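Below: the structure, in structure tokens.
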Amino acid sequence: MPARRNSRIRRASAAVLTLLLTQMAGRAFAQAADGSTASPDAAVPLTGFGRLPHNLSPWNMFTSADIVVQAVMVSLAFASVVTWTILIAKTLELLAARRSLKAGLSVLGNSRTLEQAAVHVHAGRSAIVHLITAALQEAMMSADMPSDGLKERTQSRLERIEAAEGRTLALGTGVLATIGATAPFVGLFGTVWGIMNSFIGISKAETTNLAIVAPGIAEALLATALGLIAAIPAVVIYNHFARAIAAHRALVADASAEVLRLVSRDSDRRQSATTAAATAPARAAQ
């Protein structure tokens with residue numbers, strides 16, 4: 542009998558506990574349905590400026606940003622495209638100029654006269670062609686003059702061609718320097734503007750919920766990131782081209798020296814021929 546009584550007591554207690562748990566679960570479900578258990582911060586609607594995007598990807602941050610920040614991002618993206626375009630164009634230009642210059646140096650080194658070099662060098666707009674043409678023009682214009690100052694006059698012409706070749710190859714590198722110097726500051730301007738808008742959105746929402754703060758701060762920092770992405774390659778590429786152009790100008794200087802040697806040889810040959818012609822009658826008379 543005691544055992545049977547205890548079993549009934551346990552069954553009754555279990556039934557009461559089950560009823561209490563069922564009532565508590567029903568009340569919790571009802572409170573969750575009508576939003577009575579939501580926190581004060583969670584009750585703030587995320588609308589307007591404070592709306593949190595589905596994900597903080599770069600594209601979503603760009604589309605959610607202010608018009609000023611978007612303009613900054615677009616300008617920095619355009620600057621980055623310009624940087625890589627200059628890299629490709631100037632690399633091809635330098636490769637072609639160096640190939641032509643080395644071929645012309647080989648021709649100059651194997652030529653005995655300036656006319657022979659002019660015949661064997663390939664026609665085109667290379668620096669070698671300009672150097673040889675300038676030397677031939679000066680030699681032709683000085684044909685009725687003493688050959689003492691021919692080398693100096695030819696050297697003056699060749700120096701101008703060297704300077705013009707350097708300026709031609711340097712075209713476009715100034716844009717890289719400008720982008721490298723200004724892009725970080727442009728990105729910083731976008732960041733400052735975006736953070737100001739974030740603070741304005743926080744004051745309007747009257748809450749410091751992370752869902753309100755995070756999107757605006759992320760959009761602002763994206764502008765700084767784009768500024769660095771545009772500036773760092775521009776500086777590196779500018780330094781690379783500065784070294785490459787300096788090396789190319791050294792090759793042009795070598796070509797100019799080769800042309801001057803040919804001019805000097807031709808001048809000495811003409812002077813020797815003139816001297817021999819002048820002394821030939823005297824020798825014949827003897």
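Residue 662 in our numbering is what sits at position 121 of the sequence shown, and the numbering runs on without skipping anything.
Beta carbons: idealized from backbone N, C-alpha and C, even for Gly.
No experiment lies behind these values; they were computed from the predicted model shown.
Three or more beta-carbon pairs drawn from the stretch 753-773 and the stretch 615-622 are found closer than 8 Å, and the two stretches are therefore classed as touching.
With a beta-carbon spacing of about 3 Å, ALA764 and GLY731 fall inside the 8 Å limit used to define contacts. For SER667, the three-state secondary structure derived from DSSP is coil.
About 5 Å separates the CB atoms of ALA761 and ILE736; that is less than 8 Å, so the two are in contact. In the DSSP annotation of this structure, SER652 is not part of any alpha helix (DSSP H), being labelled neither H nor E. Judged by beta-carbon spacing, ILE673 lies within the 8 Å limit of ALA659, meaning their Cβ atoms are closer than that value.
Rounded to whole angstroms, THR695 and ILE608 show a C-alpha spacing of 60 Å. Look at ASP685 here: in three-state DSSP terms it is coil, with no helix or strand label. Taking ALA775 as the centre and dropping the five residues before and after it, the same chain places the C-beta of THR624, LEU717, ILE720 and GLY721 closer than 6 Å to its C-beta, in chain order. ALA675 places its beta carbon 8 Å or farther from that of LEU642. The continuous alpha helix (DSSP H) containing GLY707 extends over residues 691-711. Ranked by Cα distance from LEU729, the first of ILE743, LEU617 and GLU706 is LEU617. Cβ-Cβ distances below 8 Å link LEU699 to LEU672, ALA675, ALA676, SER797, VAL800 and LEU801 in the same chain, with the five nearest sequence neighbours on each side left out; the list follows chain order. Of the candidates ARG811, ASP807 and PHE740, ASP807 places its Cα closest to the Cα of SER652.
Shown here for VAL727: same chain residues with a beta carbon closer than 7 Å to its own, the five before and five after excluded, namely VAL613, SER616, LEU617 and GLY768 in chain order.
Judged by DSSP in its simplified three-state form, ALA606 adopts coil rather than helix or strand. Out of GLY757, HIS789, ALA787 and ALA785, the CA that lies nearest to the CA of ASN601 is found in GLY757.
Here VAL615 carries a helix assignment [DSSP, helix/strand/coil].
Sequence-distant Cβ neighbours of VAL733 in its own chain, meaning closer than 8 Å and more than five residues away, are ALA761. Within the model, the alpha-carbon separation for ILE702 versus VAL777 is close to 28 Å. Distance check between SER697 and each of GLU679, ALA791, ILE741 and LEU628 places GLU679 closest, using alpha-carbon atoms only. Leaving aside the five residues that flank GLY645 on each side, the residues in its chain whose CB is nearer than 7 Å to its CB run, in chain order, VAL662, SER667, ILE669 and ALA796. Between VAL793 and GLU706, the C-beta gap is smaller than 8 Å, which places the two residues in contact. About 11 Å separates the beta carbon of HIS789 from that of ARG640, a gap too long to meet the 8 Å contact definition. THR714 and TYR779 do touch by the CB rule: their CB atoms are close to 6 Å apart, below 8 Å. Looking only at ASP689, ASP809, ARG784 and GLN611, the smallest Cα-Cα distance to LEU635 is reached by ARG784.
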